[in-house]
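The next block holds one structure in the form of structure tokens; read it before the comments.
In mature numbering (1 follows the signal peptide of the UniProt record, and there is no 0), the protein residues as written are -19 to -1, 1 to 580.
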């Protein structure tokens, strides 16, 4: 009965885009967000998020805050947007509760900083806003009654997870990176007849644009369809920031570059006919496949926790997952396909909402009563709408589908776990080398098994080997660093330790003197400190104190004072521990021990 009621309610919403029923309860939302404007790849400095890019993500964060955390009209930068609210059940509206959120990014600075700017808009500084999980009001109150605010008038501190290529979790936000078969497939990119045709048909256009925009930074040989996105990226940045480029290039020309850039990206990241080792594995769209798995796992984590976790999941990425998912989910073939043919604008957001209709918001619904809605906002301008679109080729149907149908669709196009990604990609990343192909389970995006099995997919033996290899590598790198810095050195003595010392060298050590002590001598009746033969002290005696036969003998220990405060002849405690050799003989392993001397 509940499902029938929900279906009737959804039919009433058909064609209303992102409109929400007053009886809806939003349990979770996943936002997949493109980074803000950055400096281009071509330049003297590495790419970096620009102030405009940071503002774009801040504005998008404000929109999410207005939709999911606040009440009343949606306001961004003082402007009221034509967007409806959809508050998430029991999410903290003011003081950030990181246990309710999952925020992920890769290690690219412009993407991580985009995430940070977004979170500043989502949870802006609020004075006297304290979360109970961080001590609450008691943690902010001192014994003398002083209430201490967070810095910057209540700045909020989000937990943003950044995953490097050594982390298996990195594949969920950048599934194409480190994927060997994806890279190999791109080698044949230029052999595609359609790509070659576009190259030929647009070459004159790119050469004319080279004279206008690119000639100061980009070789003429690179001005072609093969580098369409990189060229558009460069032109768009200078169109916004460089007056000369703004004069030289028209808006129509920039739109032409954008259209060709979108085409090139689809060939590279959404050619579903291209395969790796297995026919039909859609290797070019692997970034969209891992994205689909991450979205699904976030909803599953919310369901398992009965709505306590993953209330809001935010993933920040490059453009590849967008292009791949648009094609995999058939959005590009739908009635609004033209929207997904265009390039996503900086800060664009794909949004997936998990909700139920009717019932009590204090009780988590059954899976049969859960629905999913897909929405897209292409950019961060105040007039950019958040619109619902149907997934999986549902034609003109409404944008909401039952969760069971959503599971089927996402599993069909998604990667089930790390082991499958490693197999499909034939990746040589460290975590792939440690995976046991005979393991029962496959670790999914949430750390559990994609199929409900909690097996990790790494055998203990292989895990031990990985640990040993990593340890050896770290020690080797540390040793190399010390050698390069001059903190570690190895010496070999010029004479064999088995041979008796040459006592004719003299010096302040007498019989202990080494060949390196040629400017040191022992003065008669004095301590071992006189220098001879050095240019600054002129020449001095070169013979050591000897016996009656002229041979050098070691001075008596008791003639040397233990310290300036002790008389000559005092016992020298610990004398046997003294190393009388200047060279680092202790590092020479495998040598015969020094013959003992008799005094």
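No residue lacks a Cβ here, since even glycine has one placed at the ideal position from N, Cα and C.
Less than 8 Å separates the beta-carbon of residue 384 from that of residue 351. In the three-state scheme derived from DSSP, where H, G and I count as helix and E and B as strand, residue 247 is classed as helix.
For residue 44, the uninterrupted alpha helix (DSSP H) segment begins and ends at 32 to 49. Pairing residue 407 with residue 161 gives a Cβ-Cβ distance under 8 Å. For residue 344, the closest C-alpha among the options 70, 191, 46, 234 is that of 70. Residue 200 and residue 364 have their alpha carbons spaced roughly 38 Å apart. CA-CA distance, residue 183 to residue 330, rounds to 31 Å.
In terms of Cα proximity to residue 402, the closest of 305, 276, 289, 153 is 153. Nearest Cα to residue 304 within the set 316, 40, 323, 79: 323. Between residue 18 and residue 41, the gap from beta carbon to beta carbon reaches 8 Å or more. Restricting attention to 214, 291, 371, the CA atom closest to the CA of residue 325 is found in 214. According to the DSSP secondary-structure assignment, residue 100 is paired through a beta bridge with no residue.
Per DSSP, the unbroken beta strand (DSSP E) holding residue 87 starts and ends at 82 to 87. Look at residue 369 here: in three-state DSSP terms it is strand.
Between residue 39 and residue 98 the beta-carbon gap is near 5 Å, inside 8 Å, which marks them as a contact.
Taking 8 Å as the cut-off, the beta carbon of residue 396 is found closer than this to the beta carbon of residue 270.
For residue 8 and residue 84, the gap between their C-alpha atoms comes out near 17 Å.
Residue 301 holds the alpha-carbon nearest to the alpha-carbon of residue 14 among 233, 426, 301, 387. Under the three-state reduction of DSSP output, residue 111 falls in the coil class, being neither helix nor strand. Between residue 190 and residue 204 a beta carbon distance of about 7 Å is seen, short of the 8 Å cut, so the two are scored as contacting. Here DSSP, grouped into helix, strand and coil, assigns residue 29 to coil. Minimum Cα-Cα distance from residue 372 among the listed residues 176, 211, 389, 80 corresponds to 389.
Looking from the CA of residue 64, the closest CA among 79, 74, 78, 48 belongs to 48.
DSSP places residue 331 in the uninterrupted beta strand (DSSP E) bounded by 330 to 338. The Cβ-Cβ distance between residue 218 and residue 235 does not fall below 8 Å. In terms of Cα proximity to residue 293, the closest of 316, 381, 139 is 139. As a beta-bridge residue in DSSP terms, residue 297 pairs with 14.
Spatial neighbours of residue 295 in its own chain (CB-CB distance under 6 Å, excluding positions within 5 residues in sequence) are listed in chain order as 12, 84. For residue 313, there is no enclosing beta strand (DSSP E), since its DSSP letter is neither H nor E. For residue 142, the enclosing beta strand (DSSP E) starts and ends at 141 to 144.
With respect to the 8 Å criterion, residue 307 and residue 321 are classified as neighbours on the basis of their beta carbons.
In the three-state reduction of the DSSP assignment, residue 238 falls in the helix class.
For residue 168, the secondary structure class from DSSP, reduced to helix, strand or coil, is helix.
Going by C-alpha positions, residue 111 is about 33 Å away from residue 327.
Taking all protein chains shown into account, residue 338 has 16 or more neighbouring C-beta atoms within 10 Å of its C-beta and is therefore buried.
Per DSSP, the continuous alpha helix (DSSP H) segment holding residue 267 begins and ends at 267 to 285.
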